[in-house]
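For the sequence shown, the residue numbers in the numbering used here are 89 to 468.
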Amino acid sequence: MENYEVIIIGAGASGIMCALNVKSKTLLVEASDRIGKKILATGNGKCNLTNNQLSVASYNTPLVEKYFSQFNQNQTLKYFENLGIFTYADQSGRRYPFSNSANTVLDLLLKKLNAKDNVKVVVNSMPMTIKRFNDGFLVTTKTQTYFGHKLVLATGGNSGTQYLNQLKIAYQPFRPSLVGLRTTKNKGLAGVRVSNVKVTMNQFSEVGEILFKEDGISGIVIFNLSAYLARNQISTGKISLDLLTEIEREQLFTMLQTSIQNNPQYLLVDILEGFLHKSLAKNILEKLSLDKTLAEDCTLNNMINLVENIKNYVVTFTGYADNQQVHTGGVDLKDLDDNLQHKQVKNLYCCGELVNVDGVCGGYNLQWAWSSGKIVGDCL
Ligand SMILES: Cc1cc2nc3c(=O)[nH]c(=O)nc-3n(C[C@H](O)[C@H](O)[C@H](O)COP(=O)(O)OP(=O)(O)OC[C@H]3O[C@@H](n4cnc5c(N)ncnc54)[C@H](O)[C@@H]3O)c2cc1C
């Protein structure tokens, strides 16, 4: 049996950050063949590593404030600069490395980690059981048993549930978040992108670009809606899309009326094409059985329906797509102390997505991974 002061399970963003900052003899255990793999996929391969406008409102719980007051986005940027990673911000405050490559972030994190002689890394290794033993933990993989005086769970969302169950730790069920949504068929709309759409469902309302798929919708605003739905445990319902946020209903009605009067021999699809992507125009007209109607035959009622379908285009949400960016759920912050140590299970620390903290799109989730990993690492 090998003995360590600290064992970290999971070498993703939070586990690596934790390992970079521990001072004790530490074992970092990673299930896959390479550490930090997910970082490479972040921000479409560019790694949106934080956001200038870090705000508690971007997360599912205000309790994150206490942790960001220990290590926030500015401290993260400084930390990365010290590693040689320099960044720029886009208009929304999203920070990316100047290289626009997530490889840079992972390469330089690993360079620093490899230089630490108190941290041993094992890959292709997945604990089968974790048990409490003499105030510490026995971690058993297929080939080895390790003893760790302190244990850090940094397995990301969902994958850590087996250990939480083995250690009898309460957690909120994991649900996919920041993910596209499945919908009923969007006839003829696969691949159509519409910008400046106001997406509304219950208390959620946000403007952004959406991408229609054959039976789903995607885009950052939809990812953010998925976070709202996941947190509120909603799995079906109607989503309202305002496809022309720039124009009020009355004004749109007048503009349509004018276009119809000016072009009575047009088909209605030609009229609507002046306002919308042609595929959307066709889709709406087919729904209203007006696809073969001439402008001059458009009644007042038809016009009211057209305006309604543009300003309140309803999509039926039927579930979550695969490939979520994060999970909502996990160990509640109220069960963890200021150092993210479990209040009931001494010497057990949780960080990253395994904690019930999830943010909207824009670098907020990696920021939580960096902050939580740093806080835990600093105290071990
Ligand atoms: C495609 C994609 C794009 C994203 N883009 C962004 C972005 O641009 N900005 C942003 O802020 N967030 C982004 N995210 C979210 C962000 O990547 C996560 O919030 C963050 O990686 C969470 O860090 P973590 O350390 O908690 O978990 P992870 O990064 O998931 O790391 C967990 C690690 O633990 C390992 N592991 C799991 N189970 C075990 C086990 N049983 N034993 C040993 N090891 C185990 C995993 O292999 C993994 O290496 C994106 C996510 C995805 C999927």
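Beta carbons are placed, not taken as given, at the ideal position from N, Cα and C, and that holds for glycine.
Exercise for the section: Measure the alpha-carbon distance for Phe311 versus Lys275 and round it to whole angstroms. Expected result: Position 223 of the sequence shown, counting from 1, holds the residue named residue 311. Position 187 of the sequence shown, counting from 1, holds the residue named residue 275. Rounded to whole angstroms, Phe311 to Lys275 spans 22 Å at the Cα level.
Exercise for the section: Using 6 Å as the cut-off, classify the Cβ of Gly417 as near or not near the heavy atoms of ligand 1, replying yes or no. Expected result: Working through the sequence shown from its first residue, we reach residue 417 at position 329. Every heavy atom of ligand 1 is 6 Å or more from the Cβ of Gly417, so no.
Exercise for the section: Flag this pair as touching only if the region 104 to 124 and the region 190 to 203 have three or more C-beta atom pairs under 8 Å; answer yes or no. Expected result: yes
Problem - Separation of Ser306 from Gly268, as counted between CA atoms - result: The count along the sequence shown starts at 1 and reaches residue 268 at position 180. The count along the sequence shown starts at 1 and reaches residue 306 at position 218. Cα-Cα distance, rounded: 4 Å.
Problem - Buried or exposed (CB count within 10 angstroms, at least 16 for buried), Lys399 - result: Position 311 of the sequence shown, counted from the start, is the residue given in the question as residue 399. So Lys399 ends up on the buried side.
Handout entry: Classification of Glu441 by the beta-carbon crowding that lies within 10 angstroms, buried from 16 upward
Key = Start at 1 with the first residue of the sequence shown, and residue 441 comes out as number 353. Buried.
Exercise for the section: Take Lys219 and list the residues in its own chain whose beta-carbon comes closer than 6 Å to its own, dropping the five residues that flank it on each side. Expected result: Taking the sequence shown and counting its residues from 1, one reaches residue 219 at position 131. Cβ neighbours of Lys219 beyond the five flanking positions: Leu226.
Handout entry: Straight-line Cα distance separating Gly450 from Gln158
Key = For the purposes of this step, residue 158 is taken as the residue at position 70 of the sequence shown. For the purposes of this step, residue 450 is taken as the residue at position 362 of the sequence shown. Gln158 and Gly450: Cα-Cα distance of roughly 21 Å.
Exercise for the section: Under the assumption that Thr233 contacts Ser213 (Cβ atoms under 8 Å), give the Cβ distance between them as a whole number of angstroms. Expected result: Against the sequence shown, residue 233 aligns to sequence position 145. Against the sequence shown, residue 213 aligns to sequence position 125. About 12 Å separates the two Cβ atoms, so there is no contact after all.
Practice task
Can you tell me which of the three DSSP states Cys106 falls into?
Solution key: One-based indexing of the sequence shown puts residue 106 at position 18. Looking at Cys106 - three-state DSSP - the assignment turns out to be helix.
Handout entry: C-beta atoms of Ser460 and Leu428 nearer than 7 Å
Key = By 1-based counting over the sequence shown, the position of residue 460 is 372. By 1-based counting over the sequence shown, the position of residue 428 is 340. Yes, these two residues count as a Cβ contact at 7 Å.
Exercise for the section: Could you tell me which of Ile463, Ile97, Asn411 sits nearest to Leu252, measuring between CA atoms? Expected result: Counting from 1 along the sequence shown, the entry for residue 252 is found at position 164. Nearest of Ile463, Ile97, Asn411 to Leu252, Cα basis: Ile97.
Exercise for the section: Can you give me the Cβ contacts of Lys422 inside the same chain, cut-off strictly under 8 Å, excluding the 5 residues immediately before and after it? Expected result: The count along the sequence shown starts at 1 and reaches residue 422 at position 334. Closer than 8 Å at Cβ, skipping near neighbours: Leu151.
Practice task
Can you grab the Cα-Cα spacing for the pair Ser187 / Lys366, in whole Å?
Solution key: Here residue 187 is taken as the residue at index 99 of the sequence shown, counted from 1. Here residue 366 is taken as the residue at index 278 of the sequence shown, counted from 1. If you take the alpha carbons of Ser187 and Lys366, they lie about 38 Å apart.
Exercise for the section: Whole angstroms is fine: what's the gap from Gln349's alpha carbon to Ile335's? Expected result: The residue labelled residue 349 in the question sits at position 261 within the sequence shown. The residue labelled residue 335 in the question sits at position 247 within the sequence shown. Near 19 Å, if we compare the C-alpha coordinates of Ile335 and Gln349.
Exercise for the section: Would you mind working out which of Arg281, Arg319, Gln321, Gln291 sits nearest Gly304, comparing C-alpha positions? Expected result: Numbered from its first residue, the sequence shown carries residue 304 at position 216. Nearest C-alpha to Gly304: Arg281.
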